[in-house]
Each structure stands twice: as C-alpha cells, then as structure tokens.
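*Asks:* Got a structure for you, written out below as structure tokens; questions coming shortly.
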Amino acid sequence: MQKHYPLLKICKILIVCLFMSAVYAQDNDELPIFDTHVHYNDDAWITYPPEEILKKMEKANVPHALVSSSPDEGTRKLYQLDSDRIIPFLRPYYGDVNPSNWFDKADMMLYFRQRMETITYGGIGEFHLHGIAHADTPVVRQTARLAAERDLYLHVHSDAEVVKVIFTYEPEVKILWAHAGLLESPEVVSRMMDKHRNLWVDISIREYEIAPQGKLDPSWQALFLRHPERITIGSDTYIPTRWGMYEKIIEFDRHWLNQLPREVAEKISYRNALRLFGQN
Ligand SMILES: [Zn+2]
Numbered sequence: 086m087q088k089h090y091p092l093l094k095i096c097k098i099l100i101v102c103l104f105m106s107a108v109y110a111q112d113n114d115e116l117p118i119f120d121t122h123v124h125y126n127d128d129a130w131i132t133y134p135p136e137e138i139l140k141k142m143e144k145a146n147v148p149h150a151l152v153s154s155s156p157d158e159g160t161r162k163l164y165q166l167d168s169d170r171i172i173p174f175l176r177p178y179y180g181d182v183n184p185s186n187w188f189d190k191a192d193m194m195l196y197f198r199q200r201m202e203t204i205t206y207g208g209i210g211e212f213h214l215h216g217i218a219h220a221d222t223p224v225v226r227q228t229a230r231l232a233a234e235r236d237l238y239l240h241v242h243s244d245a246e247v248v249k250v251i252f253t254y255e256p257e258v259k260i261l262w263a264h265a266g267l268l269e270s271p272e273v274v275s276r277m278m279d280k281h282r283n284l285w286v287d288i289s290i291r292e293y294e295i296a297p298q299g300k301l302d303p304s305w306q307a308l309f310l311r312h313p314e315r316i317t318i319g320s321d322t323y324i325p326t327r328w329g330m331y332e333k334i335i336e337f338d339r340h341w342l343n344q345l346p347r348e349v350a351e352k353i354s355y356r357n358a359l360r361l362f363g364q365n
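Pasting the structure below:
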C-alpha cells in the first residue's frame, strides 16, 4: 500500500534535513562525530555539570550524542539543556537495579512504560547481559518485544551468543551492539553483521585495538570496508575519568577514521547514526 505523508510531516522532514546539513556543515576537513555511546552517570554530575558536558561536546565537534545513564536522570539533565543534540536512551539501572539483576526484575516493564510517557526515547539500553542464561528471561523477552513494537533500538552490551539468542526470539528487533561485542574479534563481528541485517555496531572502547599506536589495524579496516553502513563511533563515558579524556578520545577516533576512504569515514563518524537517530 502506498504511504501518504501529510503536508505538515513533509515540511517537518525538510526542516530537519536542512537543520542537520547545517549542523554537520564542515568548514575544514575535520570530521564531525555523532557519539553513539555516552553515559552521564551520577558519579560525574558534580565534577562535570551538564553545561560543561555540552561544552565538551561542542569543543570536540560532536553535534549529536546518544546518551543513557545510571540513573536515567543524568540523561534527562543533558536532554533538557539541549534536546537537539541529545538522543536519549532509557537505561534500566536505578536504585538497586543494576547490570547483575535487571533482567530478573518483575517491575522493569512498568518502569520503562512510565519513563516513556514523559520523553521520547530512541531506544532501550545500554544494558548488560553476561551469558545466554541472562538473555533469555521473561523480562528481556518483554523488553525486546517492547522495542520491536515501538520501533526502538536495543543498545546491548554482550557477546555474540547473547545477540543470537535475542534475534532468535525477536527477529525483527533492531540492535546496536555496544563495543562491537567488547571481546569479539572483527572477523566474528563481520560474520554477525553478514547474518543479521538488523544489527548495528558501536566501536566504543575498542579504539586502541582498532588503531594500535594510531595506525588502523587491517582486520578492523576489513570490517569497516565490508559494513560501512552499520558501524558507528562511541566514546563510552562510563566513569568520570572518561569525561576528563573526552576530547582526546574523539580526537583519536578522528585520527584513525581519517585513514579510511573519506566516504566510509563520514558514514562511520556521523552519517550512519544520523540515519538511525537523527530525526528523534
Ligand atoms: Zn558498555
């Protein structure tokens, strides 16, 4: 069936596109970065107030950032200040809910639904699942169902086996795979991406493997050239010291990105993420 867009919606899309191209206009060769792995956890709030975080992003030429936080209030602090720049993701962790128990918490769905009433999230996560026993619980199945129903991304920190399990019970869900599986090799990541068309990958925390001593590693390069459309950059500010290094992390990513063909580098640095999350 043909889809009809009301005039108002077409105008909105045009305005967003114009705005995006202005935001990403490059007056030199510096690649803008859409940072798809940011946390603003409570242990960073005093040392780095929200205004300072946004200044850091501005200084590092990060026009957009996908943010999730422990607790979710951290994300909201940034979102309230700059809702154009910040794409909020809903993290399950708060109070005594943490990476080691969220997948078994009976009231998780209620928490998600309540938070979703007040702001529009781009996805759920980043959450941790260590092993398939954690990934196949009623709560995680319901979380994946909720994401699929609402067209949200799951931002998953796990190994390849967990990703496979989630796709087995929820084949249509969209997964942004944090840290490219953290311990998985680029070859495994590449095979996973060959197999699962709804799998995107953020490379956060892998930067020094990707470019040891600053030089792009050939096996990572092969992954980037094979899947240039589904890979994104991430800083992963999971501890306050990562905020202290923020500009350096982004600068390092830019350094190895510049060793790729320009078209591929632009896709990975911001175009892919803009396509996924830009119209949030
Ligand atoms: Zn992570």
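First residue of the sequence shown: 86, per the numbering used here; consecutive thereafter.
A virtual CB, placed ideally from N, CA and C, is assigned to each residue, including glycine.
1) Can you tell which of Asp338, Met201, Glu292, Asp279 has its C-alpha closest to the C-alpha of proline 117?
2) Which one or two residues does DSSP pair with phenylalanine 174 in a beta bridge?
3) Looking only at DSSP bridge pairs, what is valine 241 linked to?
4) Quick check on DSSP: helix, strand or coil for histidine 219?
5) Suppose you measure from the CA of glycine 159 to the CA of phenylalanine 212; what does that come to, to the nearest Å?
6) Can you list, in chain order, the stretches of the beta strand (DSSP E) that have 3 or more residues and sit fully within the region 302–350?
7) In whole angstroms, what is the alpha-carbon distance linking glutamate 202 and glutamine 165?
8) Could you please give the first and the last residue of the uninterrupted beta strand (DSSP E) stretch that includes threonine 121?
9) Does the Cβ of glutamate 292 lie closer than 6 Å to at least one heavy atom of ligand 3?
10) Once the 5 residues before and after valine 84 are set aside, which same chain residues still bring their CB inside 8 Å of it?
11) Within the same chain, show all residues whose beta-carbon is closer than 8 Å to that of valine 152, passing over the 5 residues directly before and after it, in chain order.
12) With respect to the beta strand (DSSP E) encompassing alanine 150, which residues constitute its N-terminal and C-terminal limits?
13) Less than 7 Å between the beta carbons of alanine 145 and isoleucine 335, yes or no?
14) Would you mind sorting arginine 200 into buried or exposed? The rule is 16 or more other CB atoms within 10 Å of its CB.
*Replies:* In short:
1) Asp338
2) Gly208
3) Phe212, Trp262
4) helix
5) 16 Å
6) none
7) 16 Å
8) 119–123
9) Absence of ligand 3 is noted for the structure shown, with ligand 1 being the only ligands found.
10) This structure leaves residue 84 out entirely; the chain is present only between 86 and 365.
11) Val123, His124, Tyr125, Gly159, Thr160, Leu163, Tyr164, Ile171, Ile172, Pro173, Phe174
12) Note, alanine 150: beta strand (DSSP E), 149–152.
13) yes
14) buried
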